[in-house]
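Visitor: Residue numbers (our numbering): 14 to 346.
The beta carbon of each residue, even a glycine, is placed where N, CA and C say it ideally should be.
The structure presented is a predicted model; accordingly, all values stated were derived computationally and were not measured.
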Amino acid sequence: MKQGDRITKARVVTLSLVFAAVIASLAFDTGIGTPSSFGIGQFFLLCPLGGIEALLASKALVPVTLISLGVVVAFALLFGRAWCAWGCPAPVIRRFFKRDPKVEGAGEACGVEPGALAEEAARAIAVSPAPPHACSAAREAKGAAASLRRLVRDKRTWALGVVLAATLVAGIPLFCLVCPIGLTFGTVGSLWHLIVDKQVTMSVVVFPAALAVELVMYRKWCMNLCPVAGLLNVFGHFARLFRPRIDSSTCLRASQGKPCTVCVSACAERIDLHAEDAAVQLGECTRCGECVKQCPTASIRIKAKPAGSAAYDGRSARSAASSDRGDDPVKAG
């Protein structure tokens, strides 16, 4: 089985477990969590933004909250924005309503096709052509300045700043009231109580309506406005585990200079692994594995260990690709 397929199945299982844990708590009052946290007794693994909002709103340092928040922050420092692909229900809702940009097929995206994504990729190639066997993405952008500039330009960073400032002024965690994560689990809990306990509340109508506005009507919520993603992006620039790596010996774009745009088109964050600032862009990687799954030559793999200083893996991955597919190695020609 291909690594991309294994990652997809693992994501489905993980997200199912997240749903099961929260729904069980809401439906059966098991005490293992709330719409924004998991835990037992006084110890909860808080949503990092919700935890910071709680501290700002209360203007007090609560030890249990600090410890719980610290555990989540440590996870984010290790795995970056993995939550966005492995635990957050928002991408699933968008895909269900077909509000995600269409992923081009491998054959279509291996050449420059009409459309905004292909045109954007073509311009990137024209500005920064990939020389054979040594694409410019092999050099990571150095220093924190490049990451800081990217964060400052990101609309989600500004949304995060507005949310934290408003929480400090208002004295209540405002975003928690409209957070798609909490609204999703709250909707499921409300429907459960409606069906099982015959409890009719306004949340049965209000929660789905708010979700529809945030995730269905506004299709770019996750890429433009989500403050949770904005916060995790900050940690993501320090997270080096499980980043995708390219085998330049089989990559169509790196080895042959072909304008293949599959990995860019498949990525929800539109990360270009061939760009000079690929290392900076990977700070927003959600470890979803779509670039691995969609690559026509199986040249992308997610590595468990830190990527070091290059976005490209110099060794030949033909044997690894062969073992994944169960057939002969792919020839990059």
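Helix, strand or coil for Leu28? Go by DSSP, reduced to three states.
Guide: Along the sequence shown, read from residue 1 onward, the residue named residue 28 stands at position 15. Three-state DSSP puts Leu28 in a helix.
Visitor: Check Pro102 in the structure and name its three-state DSSP category.
Guide: Reading the sequence shown from its first residue, position 89 is the one you call residue 102. Of the three classes helix, strand and coil, the one that applies to Pro102 here is coil, per DSSP.
Visitor: What residue ranges within the stretch 230–279 form continuous alpha helix (DSSP H) runs of no fewer than 4 residues, ordered along the chain?
Guide: When DSSP assignments are scanned along the stretch 230–279, the uninterrupted stretches of alpha helix (DSSP H) that are 4 or more residues long and fall wholly within it turn out to be 240–249, 265–269 and 275–279.
Visitor: Do Pro221 and Thr197 have their C-beta atoms closer together than 7 Å?
Guide: Taking the sequence shown and counting its residues from 1, one reaches residue 221 at position 208. Taking the sequence shown and counting its residues from 1, one reaches residue 197 at position 184. No, the pair does not count as a contact, with Cβ atoms beyond the cut-off.
Visitor: When the distance is taken between beta carbons, is Cys273 closer than 7 Å to Arg11?
Guide: Only positions 14 to 346 of the chain appear in the structure, and residue 11 is not among them; the question remains open.
Visitor: In this structure, how does DSSP classify Ile284 when only helix, strand and coil are distinguished?
Guide: Position 271 of the sequence shown, counting from 1, holds the residue named residue 284. Here Ile284 sits in coil by DSSP.
Visitor: Answer with buried or exposed for Ile80, where buried requires no fewer than 16 other C-beta atoms within 10 angstroms of its C-beta.
Guide: Within the sequence shown, numbered from 1, the residue matching residue 80 stands at position 67. It is exposed - the Cβ of Ile80 has fewer than 16 other Cβ atoms within 10 Å.
Visitor: Is DSSP giving Ile20 helix, strand or coil here?
Guide: Looking up residue 20 in the sequence shown gives position 7. Look at Ile20 here: in three-state DSSP terms it is helix.
Visitor: From Gly93, Leu164, Trp234 and Ser216, pick the residue whose C-alpha is nearest to that of Leu245; which is it?
Guide: Here the question's residue 245 lines up with position 232 in the sequence shown. By alpha-carbon distance to Leu245, the top candidate from Gly93, Leu164, Trp234 and Ser216 is Gly93.
Visitor: Put Ile185 into one of helix, strand or coil per three-state DSSP.
Guide: Here the question's residue 185 lines up with position 172 in the sequence shown. If DSSP states are grouped into helix, strand and coil, Ile185 belongs with coil.
Visitor: Just to confirm the assignment, what range does the alpha helix (DSSP H) spanning Arg162 have?
Guide: For this step, residue 162 is matched to residue 149 along the sequence shown. Here the alpha helix (DSSP H) through Arg162 covers Ala157 to Arg166.
Visitor: To which residues of the same chain is Thr27 closer than 8 Å at the C-beta, ignoring the five residues directly before and after it?
Guide: Residue mapping note: residue 27 aligns to position 14 of the sequence shown, counting from 1. Once the five neighbours on either side are set aside, the close Cβ partners of Thr27 are Trp99 and Gly100.
Visitor: Output the distance between the C-alpha atoms of Leu173 and Val85, rounded to the nearest integer angstrom.
Guide: In the sequence shown, residue 173 corresponds to position 160, counting from 1. In the sequence shown, residue 85 corresponds to position 72, counting from 1. Distance between the alpha carbons of Leu173 and Val85: 17 Å.
Visitor: Any chance the stretch 234–252 sits against the stretch 289–302, with 3 or more Cβ pairs inside 8 Å?
Guide: yes
Visitor: Do you know how far the Cα of Arg169 is from the Cα of Pro186?
Guide: Here residue 186 refers to the residue found at position 173 when the sequence shown is read from its first residue. Here residue 169 refers to the residue found at position 156 when the sequence shown is read from its first residue. Each residue's alpha carbon lies about 17 Å from the other.
Visitor: From this set, Ala87, Gly64 and Phe88, which residue's C-alpha is nearest Val77's C-alpha?
Guide: Counting from 1 along the sequence shown, the entry for residue 77 is found at position 64. Of the residues Ala87, Gly64 and Phe88, the one whose Cα lies closest to the Cα of Val77 is Gly64.
Visitor: Name the DSSP bridge partner or partners of Lys316?
Guide: Along the sequence shown, one-based indexing puts residue 316 at 303. BP columns for Lys316 point to Arg256.
Visitor: So does the stretch 226–237 actually touch the stretch 201–216, counting three or more Cβ pairs closer than 8 Å?
Guide: no
Visitor: Under 7 Å Cβ to Cβ from Leu164, same chain only, skipping five residues before and after it: list those, please.
Guide: Locating residue 164 in the sequence shown gives position 151, counting from the first residue. Within the same chain, Leu164 has close Cβ partners Thr170, Asn246 and Val247.
Visitor: For Glu289, which three-state DSSP category applies?
Guide: Numbered from 1 along the sequence shown, position 276 holds the residue referred to as residue 289. Here Glu289 sits in coil by DSSP.
Visitor: Could you say which of Cys264, Met230, Pro61 and Ser160 lies nearest to His287 if we only look at CA atoms?
Guide: Along the sequence shown, one-based indexing puts residue 287 at 274. With distances taken between Cα atoms, His287 lies closest to Cys264.
Visitor: Measure the C-alpha to C-alpha separation of Tyr231 and Gln212 and round it to an integer number of angstroms.
Guide: Counted from its first residue, the sequence shown places residue 231 at position 218. Counted from its first residue, the sequence shown places residue 212 at position 199. Cα to Cα, Tyr231 sits roughly 31 Å from Gln212.
Visitor: So Thr180 and Ala311 are in contact, right, with Cβ under 8 Å, and what is the actual spacing, rounded?
Guide: Residue mapping note: residue 180 aligns to position 167 of the sequence shown, counting from 1. Residue mapping note: residue 311 aligns to position 298 of the sequence shown, counting from 1. In fact, because the Cβ distance is near 46 Å, the residues do not count as touching under 8 Å.
Visitor: State the DSSP-derived secondary structure class of Leu204, mapped to helix, strand or coil.
Guide: Numbered from its first residue, the sequence shown carries residue 204 at position 191. Leu204: helix per DSSP, three-state reduction.
Visitor: Taking the straight line between their C-alpha atoms, what separation do you get for Arg314 and Arg253?
Guide: For this step, residue 314 is matched to residue 301 along the sequence shown. For this step, residue 253 is matched to residue 240 along the sequence shown. Cα atoms of Arg314 and Arg253: separation of roughly 14 Å, rounded to the nearest angstrom.
Visitor: Pick from Ala158, Val175, Val75 and Arg108: whose alpha carbon is nearest that of Leu238?
Guide: Against the sequence shown, residue 238 aligns to sequence position 225. Of Ala158, Val175, Val75 and Arg108, the residue nearest in Cα terms is Val175.
Visitor: CA-CA distance, Lys22 and Leu190?
Guide: Residue 22 sits at position 9 when you count from the first residue of the sequence shown. Residue 190 sits at position 177 when you count from the first residue of the sequence shown. Going from the Cα of Lys22 to the Cα of Leu190 covers about 32 Å.
Visitor: Using a Cβ-Cβ distance cut-off of 7 Å, determine whether Lys318 contacts chain D.
Guide: In the structure shown, chain D cannot be found, because there is only a single protein chain.
Visitor: Exposed or buried, what is Ala292 when buried is set at 16 or more other beta-carbons lying within 10 Å of its beta-carbon?
Guide: The residue you call residue 292 lines up with position 279 of the sequence shown. With 16 or more other Cβ atoms within 10 Å, it is buried.
Visitor: Classify Lys306: buried if its beta carbon has 16 or more other beta carbons within 10 angstroms, exposed otherwise.
Guide: The sequence position of residue 306 within the sequence shown is 293, counting from 1. Burial call: buried.
Visitor: May I ask which residues mark the beginning and end of the alpha helix (DSSP H) holding Leu224?
Guide: The residue you call residue 224 lines up with position 211 of the sequence shown. Residues Ser216 to Leu224.
Visitor: Kindly list the residues whose CB is nearer than 6 Å to the CB of Val241, restricted to its own chain and excluding five residues on each side of it in sequence; keep chain order.
Guide: Translated into the one-based positions of the sequence shown, residue 241 becomes position 228. Excluding positions up to five away in sequence, the list reads Leu62.
Visitor: Quick check on the burial criterion: 16 or more other C-beta atoms within 10 angstroms. Buried or exposed for Asp285?
Guide: Numbered from 1 along the sequence shown, position 272 holds the residue referred to as residue 285. When all chains shown are included, Asp285 counts as buried.
Visitor: Which residue marks the beginning of the alpha helix (DSSP H) containing Phe92, and which one marks its end?
Guide: Here residue 92 refers to the residue found at position 79 of the sequence shown. Element bounds for Phe92: Pro76 to Phe92.
Visitor: Which stretch, first to last residue, makes up the alpha helix (DSSP H) that contains Cys304?
Guide: Counting from one through the sequence shown, the residue named residue 304 turns up at place 291. Element bounds for Cys304: Glu303 to Gln307.
Visitor: How many Å lie between Gly184 and Lys271 at the Cα?
Guide: To locate residue 184, count along the sequence shown from 1; it is residue 171. To locate residue 271, count along the sequence shown from 1; it is residue 258. Each residue's alpha carbon lies about 55 Å from the other.
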